[in-house]
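Participant: Numbering (my numbering), first residue to last: 3 to 202.
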């Protein structure tokens, strides 16, 4: 009787302890969710554009510059000498502002590292796919067919095995293409005289 009572009290304390921890844990999750929602509300505060904002933006000097760049694109044949002389000074300003800005080394490094990561992921996928196909082919070559008709047909024609072999050869070509893409990108790094460490 005494052991049963001790056992009952132990189980009761365990249940109470578990319920308290789940209650406290759920409260902390609720607080965490509230904090995240507050952060998103602060980050999500963006400028809302109204009709007044759009109306003042149309009177900015960017709109006439766009019209000037479109004007030289379609000159009339009779007015070609006059239009080209007048368009040269106007065309010089938009070309200076429209030049793409030079990428910083950090941006270039990030871009190349992302490219290499994508190419390595593709190579890994292609190699794994080729490995699985090779395993399936090996299994097909030693497999016992329960249907004797299929076994007899495969014994002479080997159509499934032949098609799988062709698929494996095509997959090996895909692996080689993925390796070549990585080599080409490494060569591009070398030609542009960029650090080879970006390929890692």
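Each residue gets a CB set at the ideal place from its N, CA and C atoms; glycine is no exception.
1) Rounded to a whole number of angstroms, what is the C-alpha to C-alpha distance between residue 121 and residue 56?
2) Can you say whether residue 191 is buried or exposed, counting buried as having 16 or more other CB atoms within 10 angstroms of its CB?
3) What first and last residue would you give for the alpha helix (DSSP H) that runs through residue 127?
4) Short check: CB of residue 128 to CB of residue 201, under 9 Å?
5) Taking only three categories from DSSP, how would you classify residue 160?
6) Rounded C-beta distance between residue 139 and residue 167? I'm assuming under 8 Å.
7) Using three-state DSSP, classify residue 80 as helix, strand or coil.
Facilitator: In brief:
1) Mapped onto the chain shown, residue 121 falls at position 119. Mapped onto the chain shown, residue 56 falls at position 54. Straight-line Cα distance between these residues: approximately 44 Å.
2) For the purposes of this step, residue 191 is taken as residue 189 along the chain shown, with counting starting at 1. Residue 191 comes out buried.
3) Within the chain shown, numbered from 1, the residue matching residue 127 stands at position 125. 107-144 is the extent of the alpha helix (DSSP H) around residue 127.
4) As a working mapping, residue 128 is identified with position 126 in the chain shown. As a working mapping, residue 201 is identified with position 199 in the chain shown. No, the Cβ-Cβ distance between residue 128 and residue 201 is not below 9 Å.
5) Here residue 160 is taken as the residue at index 158 of the chain shown, counted from 1. Residue state, collapsed to three classes: coil.
6) On the chain shown, residue 139 is found 137 positions in, with the first residue counted as 1. On the chain shown, residue 167 is found 165 positions in, with the first residue counted as 1. The Cβ separation is near 6 Å, so the contact holds.
7) Reading the chain shown from its first residue, position 78 is the one you call residue 80. A caution first: residue 80 carries a pLDDT of 48, below 50, which makes its placement in the model too unreliable to give a value.
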